[in-house]
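Participant: First the structure, which I've put down as structure tokens, then a few questions once you've had a look.
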Amino acid sequence: MPIFSFRCTKCSEEFEALVMGSDAPTCPSCQASELERLVSAPSVGGKTEAALGRVRQQAAREGHFSNYSRSELKGRL
């Protein structure tokens with residue numbers, strides 16, 4: 208079942224709901240059914256931490272440290 212983000216047009220509450228088929232959720236705060244579906248950022252599947260680690264290692268080998276925070280740069284420069 209996909210998860211959708213909604214905003215209630217009556218009380219402005221924002222929430223997520225699992226929606227299957229033509230089921231229409233209601234606002235958990237005021238139980239209104241007048242909802243606006245919000246655009247959500249897509250979820251990237253896979254091992255993003257591992258991919259980020261590989262990208263950082265490649266950048267470090269090439270001398271690019273722009274993708275590191277200041278605390279991560281300590282001892283590297």
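Residues in the sequence shown are numbered from 208 upward in steps of one, following our numbering.
Yeah, the Cβ is synthetic: ideal placement off N, Cα and C, and Gly gets one too.
(1) Examine the Cβ distances between the segment 215 to 225 and the segment 234 to 248 and report whether three or more of them are shorter than 8 Å.
(2) So, at 6 Å on beta carbons, what are the nonlocal neighbours of Cys-218 in its own chain, with the 5 sequence-adjacent residues on each side left out?
(3) Using only CA atoms, which one of Arg-214, Pro-209, Cys-215 and Val-246 lies nearest to Ser-229?
(4) By DSSP's criteria, Ala-224 is part of a beta bridge. Which residues make up the other side?
(5) Alpha carbon to alpha carbon, how far is Phe-211 from Ser-247? Give it in angstroms, no decimals.
(6) Span of the beta strand (DSSP E) holding Glu-243?
Facilitator: Quick look at the numbers:
(1) yes
(2) Locating residue 218 in the sequence shown gives position 11, where the first residue counts as 1. The answer, listed in chain order, is Ser-236 and Cys-237.
(3) Here the question's residue 229 lines up with position 22 in the sequence shown. Ranking the options by Cα distance to Ser-229, first place goes to Pro-209.
(4) Counted from its first residue, the sequence shown places residue 224 at position 17. In the DSSP output, where bridge partners are listed per residue, Ala-224 has Phe-211.
(5) Against the sequence shown, residue 247 aligns to sequence position 40. Against the sequence shown, residue 211 aligns to sequence position 4. Roughly 8 Å between the two C-alpha positions.
(6) In the sequence shown, residue 243 corresponds to position 36, counting from 1. 242 to 245 is the extent of the beta strand (DSSP E) around Glu-243.
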